[in-house]
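Below is one structure, written out as structure tokens; comments come after it.
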Amino acid sequence: AQKITQTQPGMFVQEKEAVTLDCTYDTSDQSYGLFWYKQPSSGEMIFLIYQGSYDEQNATEGRYSLNFQKARKSANLVISASQLGDSAMYFCAMREGRDDKIIFGKGTRLHILP
Amino acid sequence: DAGITQSPRYKITETGRQVTLMCHQTWSHSYMFWYRQDLGHGLRLIYYSAAADITDKGEVPDGYVVSRSKTENFPLTLESATRSQTSVYFCASLESGGPYNEQFFGPGTRLTVL
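Residue numbers (our numbering), protein chains in the order written: chain A, 345 to 458; chain B, 166 to 279.
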């Protein structure tokens with residue numbers, strides 16, 4: 345069974361609009377962490393944001409925020425005021441407390457339209 | 166240079182040959198990971214290591230061997246390369262504990278098996 349599910353293979357969004365990228369996860373651990381990474385066409389992996397399972401507040405980093413809904417096992421990435429440079433592949437990942445492996449979803453390709 | 170490096174960056178080999186991909190990090194991070202990235206599959210975990218001399222299987226370990234005799238190095242060996250192992254390979258490191266929850270990635274190695 346997939347541990348990390350990203351249901352949107354691709355998305356097209358108009359510049360300056362807000363974007364929500366979906367991520368659901370599956371774990372029975374109480375302690376876990378959720379990550380989002382950006383991969384532009386150049387190929388490097390860029391860390392965006394992290395949310396711990398015990399964090400009471402949703403994580404925010406500049407224009408990025410993580411909409412963490414623990415009961416729904418959902419960790420959606422929200423990008424406010426999208427820019428052309430946000431066009432990239434976005435990956436959601438999870439680290440489980442039981443074994444510390446970090447598993448990635450299949451990704452969502454985001455296209456920002458001018 | 167500080168950071169995480171991978172070598173070679175590009176490699177072409179033939180079916181049946183042994184290939185070793187190198188990964189070196191300068192931070193003395195405890196954790197290191199190997200992923201492969203294929204279209205439609207996102208990043209899949211091959212092996213990971215919590216410390217020197219401690220390694221564990223990930224999602225797709227078959228056909229690969231790892232070792233970690235020193236904290237800073239985590240080589241990945243394909244003992245007898247197959248065409249299905251054509252992929253982009255990423256190495257990553259992570260410090261454990263504290264507020265640090267960013268997985269740092271190397272630039273990737275593009276491997277082609279003919």
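Where is the CB? At the ideal position from N, CA and C, for every residue including glycine.
- Please report the Cβ distance between B/L279 and B/E179, rounded to the nearest whole angstrom; I am assuming they are in contact, meaning their Cβ atoms lie under 8 Å. Within the second sequence, the letter at position 114 stands for residue 279 of chain B. Within the second sequence, the letter at position 14 stands for residue 179 of chain B. Between B/E179 and B/L279 the Cβ distance is about 5 Å, and since that is below 8 Å, they are a contact.
Under 7 Å, Cβ to Cβ, is there at least one residue of chain B near A/K347?
Here residue 347 of chain A is taken as the residue at index 3 of the first sequence, counted from 1. No, no contact with chain B.
Q: Report all residues from its chain with a CB closer than 7 Å to the CB of B/D203; omit the five preceding and five following residues, and keep chain order.
A: Translated into positions along the second sequence, residue 203 of chain B becomes position 38. Once the five neighbours on either side are set aside, the close Cβ partners of B/D203 are S252.
Report task. For A/L378, collect the residues of the same chain with a Cβ closer than 6 Å to its Cβ; drop the 5 residues on either side in sequence, then sort them by chain order. Result -> On the first sequence, residue 378 of chain A is found 34 positions in, with the first residue counted as 1. Hits under 6 Å: Q395, A419 and M438.
> Can you tell which of B/S234, B/M197, B/R174 and B/K235 has the C-alpha that lies nearest to the C-alpha of B/K222?
Replying inline: The residue you call residue 222 of chain B lines up with position 57 of the second sequence. Measuring from the Cα of B/K222, the nearest candidate turns out to be B/M197.
- [ ] Output the boundary residues of the beta strand (DSSP E) element that contains B/W199.
- [x] Start at 1 with the first residue of the second sequence, and residue 199 of chain B comes out as number 34. Note, B/W199: beta strand (DSSP E), Y196 to D203.
Who are the neighbours of B/H194 on chain A, taking C-beta pairs under 9 Å?
Locating residue 194 of chain B in the second sequence gives position 29, counting from the first residue. In chain order: nothing, as chain A lies at least about 12 Å away.
Once DSSP output is grouped into helix, strand and coil, what is the label at B/R107? The structure shown has nothing for residue 107 of chain B, since chain B only spans 166 to 279.
Review point. Would B/G207 count as contacting chain A if we go by Cβ distances under 7 Å?
Key: Position 42 of the second sequence, counted from the first residue, corresponds to residue 207 of chain B. It does; some Cβ of chain A falls within 7 Å.
Please classify A/D430: does DSSP put it in a helix, a strand, or coil?
Residue 430 of chain A sits at position 86 when you count from the first residue of the first sequence. A/D430 falls in the helix class under three-state DSSP.
Check: How would you label A/G449, buried or exposed, when you count the other beta carbons within 10 angstroms and need 16 or more for buried?
Finding: Taking the first sequence and counting its residues from 1, one reaches residue 449 of chain A at position 105. Result: buried.
Task: For A/A329, the nearest candidate out of A/K445, A/E388, A/S372 and A/K360 (CA to CA) - done: No answer is possible for residue 329 of chain A: it lies beyond the span of chain A, which begins at 345 and ends at 458.
Check: On the three-state DSSP scale, how would you describe B/G207?
Finding: On the second sequence, position 42 is the one that residue 207 of chain B refers to. In the structure shown, B/G207 adopts extended strand secondary structure according to DSSP, grouped into three states.
Who are the neighbours of A/G449 on chain B, taking C-beta pairs under 7 Å? Taking the first residue of the first sequence as position 1, residue 449 of chain A is located at position 105. Chain-order list of chain B residues neighbouring A/G449: G207, by C-beta distance under 7 Å.
Report task. Can you grab the Cα-Cα spacing for the pair B/Q268 / A/T452, in whole Å? Result -> The count along the second sequence starts at 1 and reaches residue 268 of chain B at position 103. The count along the first sequence starts at 1 and reaches residue 452 of chain A at position 108. Rounded to the nearest angstrom, the two C-alpha atoms are 19 Å apart.
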